[in-house]
Structure formats: structure tokens, C-alpha cells
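Participant: Let me begin by handing over the structure; questions about it come next.
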Amino acid sequence: MSTSTSRPGRAIVALLVILIAGASVIFLQGESKIRYGLDLQGGTSVVLQPRIDGTSGTVTAAAIDQAVEIIRQRVNSLGVAESEVVAQGSGINRQIVISVPGETGERVVDLVGQTAELRFRQVLAVGSAVEAPPAPAPAASPSTSPSGDAAATPAPSGSKLTKSAIRGSDPAPAATPEPIVTPNTTAVPEAAADPAAAQVSDELSQKFAALDCTDEKNLVGGGDTPDQPLVTCDRDGSARYVLGPAEVLGRQVRGATSAIDQQGTGGWFVSLDFNREGTKKFGEITQRVVSLTAPQNQVAIVLDGLVVSAPRIIDAILGGQAQITGNFTQQEASDLANVLKYGSLPLAFDRGEVQQISPTLGSDQLRAGILAGALGLLLVVLYSLFYYRALGMVTLGSLGLAALILWMSAVILGKNLGFTLTLAGIAGAIVAVGITADSFIIYFERLRDEIREGRSLRSAVESAWLRARRTIIISDVVSLIAAALLFIFAIGGVRGFAFMLGLTTLIDLLVIFLFTKPIITFLANVNFFASGHKLSGLDSHKVARGTMAGRQS
Numbered sequence: 356m357s358t359s360t361s362r363p364g365r366a367i368v369a370l371l372v373i374l375i376a377g378a379s380v381i382f383l384q385g386e387s388k389i390r391y392g393l394d395l396q397g398g399t400s401v402v403l404q405p406r407i408d409g410t411s412g413t414v415t416a417a418a419i420d421q422a423v424e425i426i427r428q429r430v431n432s433l434g435v436a437e438s439e440v441v442a443q444g445s446g447i448n449r450q451i452v453i454s455v456p457g458e459t460g461e462r463v464v465d466l467v468g469q470t471a472e473l474r475f476r477q478v479l480a481v482g483s484a485v486e487a488p489p490a491p492a493p494a495a496s497p498s499t500s501p502s503g504d505a506a507a508t509p510a511p512s513g514s515k516l517t518k519s520a521i522r523g524s525d526p527a528p529a530a531t532p533e534p535i536v537t538p539n540t541t542a543v544p545e546a547a548a549d550p551a552a553a554q555v556s557d558e559l560s561q562k563f564a565a566l567d568c569t570d571e572k573n574l575v576g577g578g579d580t581p582d583q584p585l586v587t588c589d590r591d592g593s594a595r596y597v598l599g600p601a602e603v604l605g606r607q608v609r610g611a612t613s614a615i616d617q618q619g620t621g622g623w624f625v626s627l628d629f630n631r632e633g634t635k636k637f638g639e640i641t642q643r644v645v646s647l648t649a650p651q652n653q654v655a656i657v658l659d660g661l662v663v664s665a666p667r668i669i670d671a672i673l674g675g676q677a678q679i680t681g682n683f684t685q686q687e688a689s690d691l692a693n694v695l696k697y698g699s700l701p702l703a704f705d706r707g708e709v710q711q712i713s714p715t716l717g718s719d720q721l722r723a724g725i726l727a728g729a730l731g732l733l734l735v736v737l738y739s740l741f742y743y744r745a746l747g748m749v750t751l752g753s754l755g756l757a758a759l760i761l762w763m764s765a766v767i768l769g770k771n772l773g774f775t776l777t778l779a780g781i782a783g784a785i786v787a788v789g790i791t792a793d794s795f796i797i798y799f800e801r802l803r804d805e806i807r808e809g810r811s812l813r814s815a816v817e818s819a820w821l822r823a824r825r826t827i828i829i830s831d832v833v834s835l836i837a838a839a840l841l842f843i844f845a846i847g848g849v850r851g852f853a854f855m856l857g858l859t860t861l862i863d864l865l866v867i868f869l870f871t872k873p874i875i876t877f878l879a880n881v882n883f884f885a886s887g888h889k890l891s892g893l894d895s896h897k898v899a900r901g902t903m904a905g906r907q908s
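Numbering follows this note's numbering, in which position 374 of the sequence shown is assigned residue number 729; successive positions increment by one, without gaps.
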């Protein structure tokens with residue numbers, strides 16, 4: 356005999372704990388509204404056009420489809436949101452349209468819109484966002500060498516040290532106080548420390564001095580030729596960089612994850628895993644720059660021509676695994692890991708204008724969907740009250756409790772996982788009303804069968820539950836399997852339908868075990884039901900004349 360059978364009070368207490376916990380989470384997170392999807396509230400949309408300039412790959416249907424899949428992975432990695440990533444048009448006019456629900460879509464669009472191939476470049480010089488006005492010199496100093504080497508390395512107007520560092524993650528090095536660079540016992544001659552420094556020509560120095568990273572037109576990106584040095588800004592426009600040629604490409608990154616130091620001392624970090632080719636090339640660049648002075652001991656992570664991060668190299672990394680550490684927040688670490696993991700696309704894209712899109716269905720369709728659901732629910736309630744009389748009140752209470760738990764779940768998932776409710780999701784919830792009603796019918800009809808066989812109500816409640824329980828579980832498990840398969844293999848709105856169907860099916864099991872069965876056990880001790888009153892729904896004469904209205908185990 357189950358715990359809920361012998362001690363129904365425990366089940367009720369467990370249910371109250373769940374409700375109080377859900378209400379507490381909603382109160383603490385400060386949000387009590389369900390988030391709606393694109394079809395119900397609109398959102399943010401951006402068009403990505405393949406770049407045709409000789410530096411991008413060939414625009415083919417296969418390349419576009421591959422880009423769509425990678426961008427969809429980026430979007431999905433940010434949470435369970437009803438976003439849309441689709442390809443439109445044909446040939447060289449084919450483009451990708453990304454639509455993200457809600458007002459927070461700007462961050463998602465910014466992340467997935469970075470579509471050029473990821474590249475790792477050595478930092479040759481770094482400075483503030485804009486060249487500062489030169490200070491008056493007290494006297495001319497003839498310190499320039501005849502060969503013109505003084506102009507070989509730009510003199511930044513405001514030196515900026517990156518907050519992050521990169522070190523090998525296997526094996527883990529001894530703790531090193533940042534920002535100290537791991538020393539090398541062999542002194543490196545300043546003039547010949549790094550051949551890449553010789554590539555900082557007068558032309559690059561002039562571009563560096565003229566670059567204004569406070570100007571938004573310089574933060575668009577693009578123009579990143581892998582075998583040439585690059586003068587560019589970081590993504591937030593706070594610093595300028597002179598970078599060497601690309602030495603490691605995004606396709607050579609096998610994986611990237613964000614995590615937090617379990618000891619609580621290092622904060623959030625990003626773990627990198629390179630393939631065989633990437634391991635070799637990354638080992639070469641880290642060996643070369645580890646002993647250099649700042650900023651040439653930094654390796655910039657460049658996406659679409661803009662610097663995402665420029666960590667210092669703490670030690671040579673030869674094993675193909677590394678960690679990027681720094682004062683990262685959870686969101687910063689997650690975004691950087693997503694960029695590294697999904698940064699390599701077969702094409703480069705130009706991002707079109709970001710627009711706010713209006714709901715595709717509108718409030719009229721939303722009201723129609725809610726009305727349809729309400730009418731279906733009303734018919735179920737009326738049928739229960741007509742056929743089961745007072746026993747139907749248990750159905751009404753169970754459905755109301757299920758609706759409350761569903762609302763709590765949608766609010767909590769929306770805040771923490773990005774869940775959004777769409778019209779397809781509403782359809783899934785409406786279908787689940789039938790599944791929940793089916794569970795009641797199975798139990799109530801089994802209960803009537805036991806009474807018909809001459810058992811008392813108290814005895815019938817327990818024996819009927821033991822027989823009906825298995826049928827209810829099997830029925831709900833079948834629905835859960837169907838919902839899981841739909842969610843895994845489908846895309847778009849069908850996934851919203853599957854997710855809501857699975858969620859409501861789980862809630863059905865929770866309600867039937869923690870509320871419906873315990874309440875029936877309590878009612879068996881009430882004389883109104885135990886005596887078989889004609890309005891109780893358990894009238895012995897009515898039951899004897901009744902017919903089966905549901906599945907039996």
C-alpha cells in the first residue's frame with residue numbers, strides 16, 4: 356500500500372510545500388507575468404546577408420543551411436525560447452532571418468549576428484579608445500634611429516591591460532597572482548623578441564593613431580583578412596588594437612564551456628578544447644609570446660574583425676586545453692563560450708537593420724485561443740458535475756490546482772530559462788486538459804466498479820486506486836514519450852506544443868497523486884459520501900445501473 360494511501364496527510368503537506376516554494380521563487384525573482392512568444396507579443400528581428408567580397412566562402416544552399424544550424428545552436432544555447440532562424444530567397448540573394456521574442460532580443464541578436472570566422476591573433480599594441488591630444492614637448496629629442504625603428508611599434512595614448520588571462524588547463528599550474536606573467540629563465544632580446552613586432556609598419560601606426568573606437572561606424576566589424584595584420588577595436592569600443600596575422604582559426608576549436616571555480620576564488624572562467632591542428636598552432640603561438648612583455652604576450656580572440664577578448668598568456672599551452680580566466684560575470688563567460696563554440700561559420704555575413712516586429716497573430720487570435728480553451732474546460736467541468744455530482748467538485752479543484760501550478764511553472768521557467776508561451780503552447784495545454792480529465796475518469800470509474808462489487812467506500816477507495824494507478828501512469832508516460840520525441844526532432848512552434856504537453860502531463864501526475872487521491876481518501880470518511888447520498892455521485896443504485904465511461908486496468 357502506498358504512502359499516499361495510508362497517510363494522505365503527508366501528500367497534502369508535500370503539495371503545500373511545493374506551492375509555497377513556487378510562490379517564494381516567484382516573489383524573490385520579482386516577476387509574475389508569463390512571457391509570450393513571437394506570435395503573441397512580437398520581438399526583435401535581424402536579416403543576415405551573405406558577404407560576397409572574395410574573403411567569404413562560396414554562397415551555396417549547403418553553406419546557408421549549415422550557417423542556419425550553427426546560428427540556431429547559438430540561440431538555443433541561451434535558453435528555451437520560441438525563436439525562429441530561417442533561410443529565405445535563393446542563390447546569391449539567399450539570406451538568413453533571425454527572430455527573437457520579447458524586448459530582451461537585442462542581446463541574442465548581438466550574439467548570433469557575429470557571424471564571421473573566429474580567429475586568434477597576437478596583440479602587437481593596445482591603446483585607449485581614441486588617440487589623446489599630444490602633450491607639449493619641453494624640447495626636441497633626437498632619439499629616432501636612422502632606420503626608423505622608433506615608428507615600428509605604436510605608442511598607445513592610454514595603455515589598457517586586459518583583465519583576463521589564459522593558461523593551460525591540463526595539467527593545472529600553480530596559483531599565480533595576476534597579472535604577473537609566468538617568467539622564463541632565458542632573457543629575450545628586446546629588438547628580436549618577436550618577429551611579429553616587425554610587421555607593425557608606419558602604415559599600421561598611422562591607422563592605429565587615426566582609429567576612433569568611440570565612433571559606431573568603427574564597431575561594425577568586417578574586413579578581417581586572415582593573413583594580414585589588423586588594426587581594430589574591441590566590441591564595446593573601449594580600446595584599440597594592432598594585431599598580427601591570424602594563427603588559429605575558429606574551426607580548430609573543438610569545444611568551449613563556461614564554469615565557476617568550485618573553490619570560489621577564481622570566479623567564472625571559460626575552458627577551451629582544440630582539435631589536433633588547433634593544438635599544434637595554439638601551442639606554437641603561446642610558446643612564442645609567453646616570455647614577451649605586455650601587450651605582446653596577449654592573444655586576441657577576434658570575431659567579425661572585432662576583439663572579443665585579449666587574454667594574457669600565462670604559460671605555453673601544448674596539450675590542446677586551456678582556460679580563460681578573469682573577472683567574468685556568468686553572462687560574460689557564457690557569451691564568450693558560445694562565441695568560441697559556435698564561432699566558425701562557412702560564410703561571412705553582413706548584418707542588416709535590427710527591427711522590432713509586431714505580433715503575427717495579434718490580440719484577437721490570442722483571445723480566440725483562450726476562449727476555445729475556456730469553453731473546453733467548462734464542458735469538462737459541466738460533464739463532471741452532471742455525471743459525478745458532488746464527486747465532480749474534486750475534478751474542479753484538481754483542474755484549478757493544475758492551472759495554478761502551470762502558471763507558476765511558466766513564470767519561473769520564463770525568468771530562468773527563457774521559456775515563452777505561444778499559441779502552439781496554448782494548444783498543448785488544451786490537449787492536456789483531456790489527459791487530466793482522463794485520469795479522473797479512470798479512477799472514478801474504477802471506484803464505482805469496486806462499490807458495484809459490494810465493497811464499502813473506504814475499502815473501494817484504496818482497492819480502486821491500486822488498480823487505477825498503473826493505468827494512469829502508463830497513459831501519462833505515453834504522452835510524455837510523444838512530447839519528448841516531438842521536442843527533440845521538431846523545430847519552431849511544434850517544440851512549444853511538445854514542451855507544454857509534457858509539462859502539463861507531469862503536472863497531471865503531480866496533482867492526481869498529491870491532491871486527487873488524498874482528497875478522495877478524506878471524503879470517504881464523510882457521511883455524505885460514505886452513505887451513498889444520491890447527490891454524492893456514489894449512490895449505490897445509480898452506480899449499479901451505471902456503465903463504464905473510461906479505461907480500466
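A virtual CB, placed ideally from N, CA and C, is assigned to each residue, including glycine.
Since the structure is predicted, the reported quantities are computational estimates derived from the model, not experimental observations.
From 597, 382, 608 and 440, pick the residue whose C-alpha is nearest to that of residue 479; which is it?
Facilitator: 597
Participant: Taking its Cβ as the centre, do 16 or more other Cβ atoms sit within 10 Å of residue 696, making it buried, or is it exposed?
Facilitator: buried
Participant: Restricting to runs no shorter than 4 residues, where is the alpha helix (DSSP H) found entirely within the stretch 600-651?
Facilitator: If we require 4 residues or more, the alpha helix (DSSP H) runs fully inside the stretch 600-651 come out as 631-644.
Participant: Determine the direct distance from the alpha carbon of residue 405 to that of residue 866, and round the result to whole angstroms.
Facilitator: 51 angstroms
Participant: Could you please give the first and the last residue of the uninterrupted alpha helix (DSSP H) stretch that includes residue 398?
Facilitator: For residue 398, there is no enclosing alpha helix (DSSP H); the residue is found in the beta strand (DSSP E) stretching over 398-405.
Participant: Can you tell me whether residue 840 is buried or exposed, with buried defined as 16 or more other CB within 10 angstroms of its CB?
Facilitator: exposed
Participant: Measuring CB to CB, does residue 704 end up less than 9 angstroms from residue 403?
Facilitator: yes
Participant: Give the range of the beta strand (DSSP E) segment to which residue 581 is assigned.
Facilitator: Where residue 581 is concerned, there is no enclosing beta strand (DSSP E), given that its DSSP letter is neither H nor E.
Participant: If you scan the stretch 707-793 from start to end, which runs of the alpha helix (DSSP H) of 4 or more residues do you find wholly inside it?
Facilitator: List check, alpha helix (DSSP H) in window: 717-743 and 747-772.
Participant: Would you please state the rounded distance, in angstroms, between the beta carbons of residue 654 and residue 663? I believe it to be under 8 angstroms.
Facilitator: Not quite, the Cβ-Cβ distance comes to about 12 angstroms (not below 8 angstroms), so this is no contact.
Participant: For the stretch 725-737 and the stretch 850-857, state whether three or more C-beta atom pairs, one from each stretch, are separated by less than 8 angstroms.
Facilitator: no
Participant: Determine the contact status of residue 624 and residue 679, defining contact as a CB-CB distance below 9 angstroms.
Facilitator: yes
Participant: Just how far apart, CA to CA, sit residue 800 and residue 810?
Facilitator: 14 angstroms
Participant: Using the Cα positions of residue 815 and residue 760, report the straight-line distance between them to the nearest angstrom.
Facilitator: 29 angstroms
Participant: Alpha carbons only, please: which of 476, 371 and 818 is nearest the one belonging to residue 641?
Facilitator: Nearest option by C-alpha distance: 476.
Participant: Within a Cβ cutoff of 6 angstroms, which residues of the same chain sit near residue 564, ignoring the five residues on either side of it in sequence?
Facilitator: 486
Participant: If we count the other Cβ atoms within 10 Å of its Cβ and call it buried at 16 or more, is residue 882 buried or exposed?
Facilitator: exposed
Participant: Cα separation between residue 780 and residue 858?
Facilitator: 10 angstroms
Participant: With a Cβ-Cβ cutoff of 9 angstroms, do residue 797 and residue 767 count as a contact?
Facilitator: Not in contact: residue 797 and residue 767 (Cβ atoms no closer than 9 angstroms).
Participant: Only counting the same chain, and skipping five residues up and downstream in sequence, which positions put a Cβ closer than 7 angstroms to that of residue 878?
Facilitator: 884
Participant: To the nearest angstrom, how far is it from the Cα of residue 634 to the Cα of residue 669?
Facilitator: 17 angstroms
Participant: As a quick exercise: from 757, 390, 792 and 452, pick the residue whose alpha carbon is nearest that of residue 739.
Facilitator: 792
Participant: In the DSSP assignment, find the unbroken alpha helix (DSSP H) run with residue 694 in it and report its ends.
Facilitator: 685-696
Participant: Taking 9 angstroms as the cut-off, decide whether the C-beta atoms of residue 483 and residue 398 are in contact.
Facilitator: no
Participant: Short of 8 angstroms in beta carbon distance, which residues of its chain neighbour residue 389, apart from the five on each side in sequence? Order them along the chain.
Facilitator: 762, 765, 766, 769 and 776
Participant: Could you check whether the stretch 419-426 touches the stretch 369-382, counting it as contact only if at least three pairs of C-beta atoms, one from each stretch, sit closer than 8 angstroms?
Facilitator: no
Participant: Consider the C-beta atom of residue 821 and the heavy atoms of the ligand NAD; say whether any pair is separated by less than 8 angstroms.
Facilitator: Summarising the ligand content, the structure contains no ligands, and the ligand NAD is consequently not present.
Participant: Note down the Cα distance separating residue 860 from residue 831, rounded to an integer number of angstroms.
Facilitator: Straight across, the Cα-Cα distance linking residue 860 with residue 831 is about 6 angstroms.
Participant: State the Cα-Cα distance for the pair residue 612 and residue 686, rounded to the nearest angstrom.
Facilitator: Looking at the two C-alpha atoms, the distance is approximately 12 angstroms.
Participant: Out of 748, 395, 610 and 843, point me to the one whose CA is closest to residue 693's CA.
Facilitator: Closest option to residue 693, Cα to Cα, is 610.
Participant: Under 9 angstroms between the Cβ atoms of residue 400 and residue 709?
Facilitator: yes
Participant: Where does residue 443 land, buried or exposed, given buried means 16+ other C-beta within 10 angstroms?
Facilitator: exposed
Participant: With respect to the beta strand (DSSP E) encompassing residue 456, which residues constitute its N-terminal and C-terminal limits?
Facilitator: First-last of the beta strand (DSSP E) with residue 456: 450-456.
Participant: From 819, 722, 367 and 603, pick the residue whose C-alpha is nearest to that of residue 394; which is it?
Facilitator: 722
Participant: In the DSSP output, what is residue 658 paired with across the bridge?
Facilitator: DSSP, once it has assigned bridges, lists 473 and 661 as partnering residue 658.
Participant: For residue 559, count neighbouring Cβ atoms within 10 angstroms of its own Cβ and tell me buried if that reaches 16, exposed if not.
Facilitator: Within a 10 Å sphere around the beta-carbon of residue 559 sit 16 or more other beta-carbons, which makes this residue buried.
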